[in-house]
Amino acid sequence: MPITPLPQTRPLLPFKPADSALWLASRSVMLIALYYAVGLWGYAFTPDPYGIPLVWPSTGVGLAFIYLYGYRLLPALGIATALIMWQFAGDDVPLSESIGVVVATMAGVGLGAWALRRFGFSPRFESLRDVLLLLLVGALAASGLAATAGAWAMAVSVEELSFSDTWWLCWVADLMGLLLVTPALIAWLAAGGRHFDSGLPMIVLLAASLLGVSALVYSGALETGLAMPLSYAVFPLVMLAALRCPIQITTALMLIVGAIALSGTGWGLGPFAEAGLEQSLLSLNAQLALLVLTGLVLAALRNEREAAEARGRRHLDDLARAGRLSTLGELSASLAHELNQPLCALTSYASASRRLLERERLDDLRDALVQLDSNAHRAAETIRRMRAFASSAAPREVAIAPRDLITPVLDLLHPELKRWRVNIDIDVAGSLPRVVVAPVQIEQVLVNLLRNAMEAIEPRLDGTIRISARDLGTALEITVTDDGPGIPQERFATLFDPFATWKSGGMGLGLSISRSLVEAHGGQLTATNLKDGGARFRFTLPLEVPHARS
Ligand code: ADP
Numbered sequence: 002m003p004i005t006p007l008p009q010t011r012p013l014l015p016f017k018p019a020d021s022a023l024w025l026a027s028r029s030v031m032l033i034a035l036y037y038a039v040g041l042w043g044y045a046f047t048p049d050p051y052g053i054p055l056v057w058p059s060t061g062v063g064l065a066f067i068y069l070y071g072y073r074l075l076p077a078l079g080i081a082t083a084l085i086m087w088q089f090a091g092d093d094v095p096l097s098e099s100i101g102v103v104v105a106t107m108a109g110v111g112l113g114a115w116a117l118r119r120f121g122f123s124p125r126f127e128s129l130r131d132v133l134l135l136l137l138v139g140a141l142a143a144s145g146l147a148a149t150a151g152a153w154a155m156a157v158s159v160e161e162l163s164f165s166d167t168w169w170l171c172w173v174a175d176l177m178g179l180l181l182v183t184p185a186l187i188a189w190l191a192a193g194g195r196h197f198d199s200g201l202p203m204i205v206l207l208a209a210s211l212l213g214v215s216a217l218v219y220s221g222a223l224e225t226g227l228a229m230p231l232s233y234a235v236f237p238l239v240m241l242a243a244l245r246c247p248i249q250i251t252t253a254l255m256l257i258v259g260a261i262a263l264s265g266t267g268w269g270l271g272p273f274a275e276a277g278l279e280q281s282l283l284s285l286n287a288q289l290a291l292l293v294l295t296g297l298v299l300a301a302l303r304n305e306r307e308a309a310e311a312r313g314r315r316h317l318d319d320l321a322r323a324g325r326l327s328t329l330g331e332l333s334a335s336l337a338h339e340l341n342q343p344l345c346a347l348t349s350y351a352s353a354s355r356r357l358l359e360r361e362r363l364d365d366l367r368d369a370l371v372q373l374d375s376n377a378h379r380a381a382e383t384i385r386r387m388r389a390f391a392s393s394a395a396p397r398e399v400a401i402a403p404r405d406l407i408t409p410v411l412d413l414l415h416p417e418l419k420r421w422r423v424n425i426d427i428d429v430a431g432s433l434p435r436v437v438v439a440p441v442q443i444e445q446v447l448v449n450l451l452r453n454a455m456e457a458i459e460p461r462l463d464g465t466i467r468i469s470a471r472d473l474g475t476a477l478e479i480t481v482t483d484d485g486p487g488i489p490q491e492r493f494a495t496l497f498d499p500f501a502t503w504k505s506g507g508m509g510l511g512l513s514i515s516r517s518l519v520e521a522h523g524g525q526l527t528a529t530n531l532k533d534g535g536a537r538f539r540f541t542l543p544l545e546v547p548h549a550r551s
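Terminal number for the sequence shown in my numbering: 551, no gaps in between.
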């Protein structure tokens, strides 16, 4: 059996190796401008008197760009770092140390980007591993090296400061900035022109709530006693975003919350501002780091769960198809017999036509050709049904009338039903509403139930199977009832378990696959015995337009 190929994973990174010089120049300008702009913003939170910024998002910008667009942008990163050094450190830091800071930043960010690519980081935060990788790379390589260089430059330029005093402040500032900006930049830039279709109202509501709460908390309008507990209200909102919105939205919302909180606190407003700039920004950094990690971890866990569900669905499709192929194998004798009849008719009508043509009996010839045509169609139709049932195409959901689901199954099983002299009693009104299903999967459920029913009544011959359907208002219920011996009570507990069989040569997979297929459609499959003998299997399917029945 050919194995259904896994859907091709989209390329992780948006750039192509052969991008033009113009492309490189535009990305370099973007990097320098953004690095410089967030650097200016970072310097706004510099506590006196030593000029150590307490939030430093520039390294995070550098990491996102080098990871996404490659090492060709390292020179641009060097220029951006030199510009910032020149602007803010000026004559305080000797040239050799300034060059040291530039080189260390390039090395840290380059190493970080290399590690992200080397260890297969996904910009869509597909698993918990991606979050941990970004955290480690930020802490050890990107922020680690950049902060070491920054602390070293501070220690050189300011006599009263020792390297150990400043290293950890620089490291916290770098890592915090990186946690805030890198996920958002990576998520947006890697998404390229891809659109997401998930609920705009939810996104707007979350954005408005987060903006409202942050503005209230960090505008200084509330007392600290009230503002401090309220500052934690962003957690459930970010958690909701992580569970419901695309990663671009979650990371952007966290970035906006962080920017408002840091700006407010930097200006001495909000619940964290009272302890002085250094202490307040450090406390806020801790809260924001936890917020970002909460959002990223939840988004990654949600992605992991969704990927596992998709894998489960693919496995069910593969298993279901294997079941259909095995059913076709079992039906092959009767299907061959079914095919044989029209093929024999074809040969005899063809030779009759030749004889009629030789005798120029054109009227009789026309009748013979009509017969030939209809038998050819009958044979082709049998083959088409078999091929459709064995189809390996990914099952697609369509709206279909219940009768159109049941008729092809009865056609497929027709030779078997005839051979076992089973009477079929159908009570499926043409007026029933349509259901939304993957037809090949529900046909498979019906084939499984009908064959089980046939096997149950077989020793008696001339048994009856009744198929009925009724509209429950919220769903359609299809029932398959037989007048066989019923299901022994002790079998009910494991009836739907895989490999539960009481037939010689049975696989015990039919009912288990059928239940999974029905549940994948949001329905339920159950079994009961009738009082006066016989078994009844019922399952529900989603209606195209559910309605309450009066
Ligand atoms: P298999 O047909 O390979 O045994 P299934 O999962 O289709 O696997 O069925 C499991 C068991 O359920 C059967 O072995 C049979 O004992 C019981 N069963 C299913 N349908 C009926 C029925 N209509 N009447 C009585 N027993 C049934």
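Yeah, the Cβ is synthetic: ideal placement off N, Cα and C, and Gly gets one too.
Nearest CA to the CA of residue i: which residue from the options?
i, options, result
"residue 340", "412, 355, 278", "412"
"residue 79", "428, 95, 62", "62"
"residue 432", "245, 403, 482", "403"
"residue 514", "440, 390, 320, 371", "320"
"residue 332", "209, 456, 357, 313", "456"
"residue 352", "475, 369, 338", "369"
"residue 113", "134, 95, 129", "134"
"residue 97", "117, 66, 157, 46", "157"
"residue 537", "482, 508, 525", "482"
"residue 169", "253, 149, 47", "149"
May I ask which residues mark the beginning and end of the beta strand (DSSP E) holding residue i?
i, result
"residue 427", "424-428"
"residue 479", "476-483"
"residue 526", "526-530"
"residue 437", "436-438"
Verify the contact flag: residue i, CB atom, against every heavy atom of the ligand ADP, threshold strictly below 7 Å.
i, result
"residue 484", "no"
"residue 177", "no"
"residue 494", "no"
"residue 421", "no"
"residue 425", "no"
"residue 139", "no"
"residue 511", "yes"
"residue 502", "yes"
"residue 63", "no"
"residue 341", "no"
"residue 324", "no"
"residue 488", "yes"
"residue 507", "yes"
"residue 457", "yes"
"residue 321", "no"
"residue 453", "yes"
"residue 536", "yes"
"residue 286", "no"
"residue 449", "yes"
With DSSP as the reference, label residue i as helix, strand or coil.
i, result
"residue 167", "helix"
"residue 462", "coil"
"residue 541", "strand"
"residue 400", "strand"
"residue 488", "coil"
"residue 508", "coil"
"residue 493", "helix"
"residue 239", "helix"
"residue 271", "coil"
"residue 547", "coil"
Check for me: the alpha helix (DSSP H) holding residue i runs from which residue to which?
i, result
"residue 89", "75-89"
"residue 110", "96-119"
"residue 416", "403-420"
"residue 254", "248-267"
"residue 66", "59-70"
"residue 350", "278-359"
"residue 230", "225-232"
"residue 364", "363-390"
"residue 215", "201-219"
"residue 47", "Careful: residue 47 lies outside any alpha helix (DSSP H) and carries neither H nor E."
"residue 523", "Run containing residue 523: none; DSSP gives neither H nor E here."
"residue 149", "144-158"
"residue 56", "Counting along the chain, residue 56 falls outside any alpha helix (DSSP H), and DSSP gives it neither H nor E."
Tell me, which residues are paired with residue i by DSSP?
i, result
"residue 468", "427, 481"
"residue 536", "530"
Check whether chain B comes within 8 Å of residue i, counting only Cβ atoms and requiring the distance to be less than that.
i, result
"residue 458", "No chain B appears in this structure, which consists of one protein chain only."
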